[in-house]
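**Student:** Per full-length UniProt numbering, the sequence shown runs over residues 1 to 254.
Backbone N, C-alpha and C fix where the C-beta goes; we use that ideal spot for every residue, glycine too.
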Amino acid sequence: MRKPRPGPHSPNAAPGPPKFRDGRVEALRALRVARRSAVQQRADVTRQIKNLIVTAPEGVRTMLRHLKDKDLLAICAGFRPDAGQAGDPVTATKIALRSLARRHRDLGRETDELIAPLTQVINPALTELHGVGPDVAGQLLVTAGDNPGRLRSEAAFAMLCGVAPLPASSGRTHRHRLNRGGDRAANAALYRIVLCRLRWDPRTRTYMERRTKEGLSKKEIIRCLKRFVAREIYHVLTTTNASAATPSHLTTAA
Numbered sequence: 001m002r003k004p005r006p007g008p009h010s011p012n013a014a015p016g017p018p019k020f021r022d023g024r025v026e027a028l029r030a031l032r033v034a035r036r037s038a039v040q041q042r043a044d045v046t047r048q049i050k051n052l053i054v055t056a057p058e059g060v061r062t063m064l065r066h067l068k069d070k071d072l073l074a075i076c077a078g079f080r081p082d083a084g085q086a087g088d089p090v091t092a093t094k095i096a097l098r099s100l101a102r103r104h105r106d107l108g109r110e111t112d113e114l115i116a117p118l119t120q121v122i123n124p125a126l127t128e129l130h131g132v133g134p135d136v137a138g139q140l141l142v143t144a145g146d147n148p149g150r151l152r153s154e155a156a157f158a159m160l161c162g163v164a165p166l167p168a169s170s171g172r173t174h175r176h177r178l179n180r181g182g183d184r185a186a187n188a189a190l191y192r193i194v195l196c197r198l199r200w201d202p203r204t205r206t207y208m209e210r211r212t213k214e215g216l217s218k219k220e221i222i223r224c225l226k227r228f229v230a231r232e233i234y235h236v237l238t239t240t241n242a243s244a245a246t247p248s249h250l251t252t253a254a
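In structure tokens form, the structure reads like this:
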């Protein structure tokens, strides 16, 4: 009896080509670590500002507690208290709020400047897609690696990102369920693209309305949309100029 051939996900299947670790995408991965830290610190600063307002003197609390985050940060960053009266609770609170708000502003600039230039250099077409910002583009580039050509097909990329549909049929009911595997960070990046397009892209909203009338749930529709987006992303990733994604030691003349 002939033994069955090992499938692509069998433990006996030959492993695919590994990621390169000495190209621009590897540099981007390192920068994303610093960016992630800056984003977390900025969120911490926002919470510290709001906590400080809760216990601030009545005049400061009344002035600031109903403001939206954007207006709150702008007003706090613009405070000009007299440093010579730092012993006064109102003055000290304003000094602290100004320091925190300006720190938040500086961290925001850092998050914008850390990875945006490099993502644009690596794959400018990716950042031009609707709903794809520097952070999302950076994550998808890191997932694909410096050699995205190692991915056999767009279906393989979808499986890598955890958006390939998994059969969940029963009897005469034919359906698919969400894929809980794959790179969850890449899955989250595709999810953010879908949410952005559902709000701003007319074609995506039309698709949502049509599939809703066909009886699909919102979760199922988003699963389908993530799969479509993965196909689009794959073609953009794999049609990039190969020299931009190839390590220097492979591009030098023999």
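1. Ordered along the chain, which non-local residues of its own chain (more than five positions away) have a Cβ less than 8 Å from that of Tyr191?
2. Skipping 5 residues on each side, what residues in its chain have a beta carbon closer than 8 Å to that of Pro141?
3. For Leu72, list the residues DSSP reports as bridge partners.
4. Applying the 10 Å Cβ sphere with the 16-neighbour rule, what's the burial state of Lys50?
5. Which two residues bound the contiguous alpha helix (DSSP H) that contains Gly59?
6. Which class does Leu216 belong to by DSSP, given the choice of helix, strand or coil?
7. The alpha helix (DSSP H) with Gly108 in it runs from where to where?
8. According to the neighbour-count rule (16 or more other Cβ atoms, all chains shown, within 10 Å of its Cβ), is Gly215 buried or exposed?
9. Within a Cβ cutoff of 7 Å, which residues of the same chain sit near Ala189, ignoring the five residues on either side of it in sequence?
10. Give every residue of the same chain whose Cβ lies closer than 8 Å to the Cβ of Arg180, excluding the five residues on either side of it in the sequence, and list them in chain order.
11. Touching or not, the stretch 36-52 and the stretch 99-108, by the rule of three or more beta carbon pairs under 8 Å?
12. Cβ atoms of Glu154 and Tyr234: under 7 Å apart, would you say?
13. Ala86 and Ile95 look like a contact to me (Cβ under 8 Å); what is the Cβ gap, rounded to whole Å?
14. I need the DSSP call for Ala242, collapsed to helix, strand or coil.
15. Is DSSP giving Thr252 helix, strand or coil here?
16. By alpha-carbon positions, which one of Asp112, Val60, His66 and Thr55 ends up nearest to Ala34?
**Tutor:** In short:
1. For Tyr191, where only same-chain residues beyond five positions count, the Cβ hits under 8 Å are Ile222 and Lys226.
2. Looking at the sequence shown, residue 141 is not Pro but Leu. Exclusion of the five residues before and after Leu141 leaves Val25, Leu28, Thr119, Ile122, Asn123, Leu126 and Leu237 as the residues of its chain whose Cβ lies within less than 8 Å of its Cβ.
3. By DSSP's assignment, Leu72 forms no beta bridge with any residue.
4. Exposed, because fewer than 16 other Cβ atoms sit within 10 Å of the Cβ of Lys50.
5. Residues Glu58 to Leu64.
6. Reduced to three states, the DSSP call for Leu216 is coil.
7. Pro89 to Ile122 is the extent of the alpha helix (DSSP H) around Gly108.
8. By the C-beta density criterion, Gly215 is exposed, having fewer than 16 other C-beta atoms within 10 angstroms.
9. Same-chain partners within the cutoff: Val136, Gln139 and Leu140.
10. Counting only Cβ-Cβ distances below 8 Å, and skipping sequence neighbours, we find Gly162.
11. With a cut-off of 8 Å, the stretch 99-108 and the stretch 36-52 count as touching, because enough Cβ pairs lie within range.
12. For Tyr234 and Glu154, yes; Cβs fall inside 7 Å.
13. 6 Å between Cβ atoms; contact.
14. Since pLDDT at Ala242 reaches only 43, below the 50 mark, its modelled position is unreliable, and the value read off the structure follows with that caveat. When DSSP states are grouped into helix, strand and coil, Ala242 belongs to the helix group.
15. At Thr252 the pLDDT is 36, less than 50, meaning the model places this residue with poor confidence and gives no usable figure here.
16. Taking each of Asp112, Val60, His66 and Thr55 in turn and checking the Cα distance to Ala34, the smallest one comes out for Asp112.
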